[in-house]
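Peer 1:
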Amino acid sequence: MEFDSISLRFAYEGMELDENSLPTVFSSFSHMTSFVFYRMKAEAVELKVKIEIVNRERKYHQQNIVFELNALSAQ
């Protein structure tokens, strides 16, 4: 299917936009995607911190279990 620039129309938030409005639509879309990517990055950093905390606690408990097992086996 071919589209020429004269007949190409976009529906954006209930408004019909022609090719003269495309830079505005693109700018709006660009800002929206930038915000989404920024939020995703912030969430990824937050999840990474939580994962590091869980891994640190798991390692601590594993080491304590090893010490307890060694103490029990020495008895």
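Counting with the UniProt record's numbering, you get residues 1 to 75 for the letters of the sequence shown. For each residue, glycine too, the CB sits at the ideal point set by N, CA and C.
State the Cα-Cα distance for the pair Ser28 and Val36, rounded to the nearest angstrom.
Peer 2: To locate residue 28, count along the sequence shown from 1; it is residue 28. To locate residue 36, count along the sequence shown from 1; it is residue 36. So the two alpha carbons sit approximately 12 angstroms from each other.
Peer 1: In the structure shown, what three-state DSSP assignment does Gln75 receive?
Peer 2: Locating residue 75 in the sequence shown gives position 75, counting from the first residue. It is coil, neither helix nor strand.
Peer 1: Quick one: Cα of Thr33 to Cα of Asn64, how far?
Peer 2: Here residue 33 refers to the residue found at position 33 when the sequence shown is read from its first residue. Here residue 64 refers to the residue found at position 64 when the sequence shown is read from its first residue. Distance between the alpha carbons of Thr33 and Asn64: 46 angstroms.
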